[in-house]
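**Student:** All residue numbers for the sequence shown refer to our numbering, where the first residue is 14 and numbers rise by one.
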Amino acid sequence: MPVIVVANPKGGVGKSTLATNLAGYLAAQGHAVMLGDTDRQQSSRAWLGLRPPALRPIATWDVDHNEVARPPKGTTHAVLDTPAGLHGKRLDSILKLADHILVPLQPSIFDILATRDFLQKLGEEKVVRQGDVRIGVVGMRVDARTRAADQLSRYCEEAGLPVLGMLRSTQNYVQLAAHGLTLWDVAPGRVERDLPQWDGITKFVAR
Numbered sequence: 014m015p016v017i018v019v020a021n022p023k024g025g026v027g028k029s030t031l032a033t034n035l036a037g038y039l040a041a042q043g044h045a046v047m048l049g050d051t052d053r054q055q056s057s058r059a060w061l062g063l064r065p066p067a068l069r070p071i072a073t074w075d076v077d078h079n080e081v082a083r084p085p086k087g088t089t090h091a092v093l094d095t096p097a098g099l100h101g102k103r104l105d106s107i108l109k110l111a112d113h114i115l116v117p118l119q120p121s122i123f124d125i126l127a128t129r130d131f132l133q134k135l136g137e138e139k140v141v142r143q144g145d146v147r148i149g150v151v152g153m154r155v156d157a158r159t160r161a162a163d164q165l166s167r168y169c170e171e172a173g174l175p176v177l178g179m180l181r182s183t184q185n186y187v188q189l190a191a192h193g194l195t196l197w198d199v200a201p202g203r204v205e206r207d208l209p210q211w212d213g214i215t216k217f218v219a220r
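(1) Which one or two residues does DSSP pair with HIS90 in a beta bridge?
(2) Under 9 Å, do LEU118 and ILE107 count as touching if we go by C-beta distance?
(3) Suppose only complete runs of 3+ residues qualify. What are the beta strand (DSSP E) ranges in the stretch 147 to 179, listed by chain order?
(4) Considering Cα atoms alone, identify which of VAL116, LEU68, TRP74 is closest to LEU174.
(5) What first and last residue would you give for the beta strand (DSSP E) that runs through LEU118?
(6) Just mark GLY178 as buried or exposed, buried being the case when its beta carbon has 16 or more other beta carbons within 10 Å.
(7) For the putative contact between ARG181 and ASP156, defined by C-beta atoms under 8 Å, what is the C-beta separation to the nearest angstrom?
(8) Short of 6 Å in beta carbon distance, which residues of its chain neighbour ASP46, apart from the five on each side in sequence? Order them along the chain.
(9) Less than 8 Å between C-beta atoms, sequence neighbours within five positions excluded: which residues of the same chain meet that for PRO201?
(10) Tell me VAL81's beta-bridge partners as DSSP assigns them.
(11) Going by C-alpha to C-alpha distance, which of HIS113, ASP198, ASN185 sits closest to VAL19?
(12) Go to THR30, then tell me how far its alpha helix (DSSP H) extends in each direction, as first and last residue.
(13) Since ILE214 and LEU165 are thought to touch, with beta carbons under 8 Å apart, how far apart are those beta carbons, to the nearest angstrom?
(14) Which partner residues does ALA72 have in the DSSP bridge list?
(15) Measure from the alpha carbon of TRP60 to the alpha carbon of each residue in ALA32, HIS44, GLY87, then state which is nearest.
(16) Any beta carbon of chain B sitting closer than 9 Å to that of THR51?
(17) Should LEU154 go down as buried or exposed, given a rule of 16 or more other Cβ atoms within 10 Å for buried?
(18) Determine, using beta carbons only, whether LYS28 and ASP52 come nearer to each other than 9 Å.
(19) With a threshold of 16 other CB atoms inside 10 Å of the CB of ALA161, please say whether the residue is buried or exposed.
(20) Can you tell me where the beta strand (DSSP E) holding VAL204 begins and where it ends?
(21) Considering ARG16, what are the terminal residues of the beta strand (DSSP E) in which it resides?
(22) Quick one, which of GLY144, ASN21, PRO15 has its alpha-carbon nearest ARG129's?
Okay, here's the thing in structure tokens:
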């Protein structure tokens, strides 16, 4: 059972947007999905409370703020949203569970600098060096045609990290989240510009 962790020590970068939509994608593929939230704000958990019961189910993965246990049997995929400032023992306990780590990153130099030490720390972890845990970066609120996007790509290339996709800034994510929805819960024509931007992300977590 793959466990996909969404992590960045900086707040406000789009972790919950990435985590909830990824859970929605996996549910749309027919998987038994659980979504956990170790952030004290519990944004992803609150989103689950808004989700209409008629939609494909996403179960709540009850996790403790300080210690995370594996999801129960019967789960095929688990997504874990994490808090800002993740480090130390909390990070170590989460790494023990993770198969994939997605790092949402905005293209400003301030966001890149704030995330650099975290990415370096991840790269030094034994499970990452041995290939047991795979890391990918997702550009958030990015226009792929801009210099900022190029800056993000160059940084990740120098760090030896793949950029899995660049998700544009759009009200689609905001409006859907307000109703407990994801890109995969509405007519494709409504989000036709957004779905292709997820191709690299979905392929990465399917490996």
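A virtual CB, placed ideally from N, CA and C, is assigned to each residue, including glycine.
**Tutor:** On the basis of the supplied data:
(1) According to DSSP, which records beta bridges pairwise, HIS90 is partnered with VAL46.
(2) no
(3) Counting only runs of 3 or more, we get 147 to 153.
(4) It is VAL116.
(5) Counting along the chain, the beta strand (DSSP E) containing LEU118 begins and ends at 113 to 118.
(6) buried
(7) About 6 Å; that satisfies the 8 Å criterion.
(8) Looking at the sequence itself, residue 46 is Val, so the reference to Asp does not match. Once the five neighbours on either side are set aside, the close Cβ partners of VAL46 are ALA36, LEU39, ALA40, ILE71, HIS90.
(9) LEU208
(10) Looking at the DSSP assignment, VAL81 forms no beta bridge with any residue, so it has no partner.
(11) HIS113
(12) 28 to 41
(13) The pair is not a contact, with the Cβ atoms about 15 Å apart (cut-off 8 Å).
(14) MET47
(15) ALA32
(16) In the structure shown, chain B does not exist; there is a single protein chain.
(17) The residue asked about is misnamed: residue 154 is Arg in this sequence, not Leu. Its Cβ being crowded by 16 or more others within 10 Å, ARG154 is buried.
(18) By the CB criterion at 9 Å, LYS28 and ASP52 fall inside the cutoff.
(19) buried
(20) Segment: none, VAL204 is in no beta strand (DSSP E) and carries neither H nor E.
(21) Rather than Arg, the amino acid found at residue 16 in this sequence is Val. Segment 16 to 19, the beta strand (DSSP E) holding VAL16.
(22) ASN21
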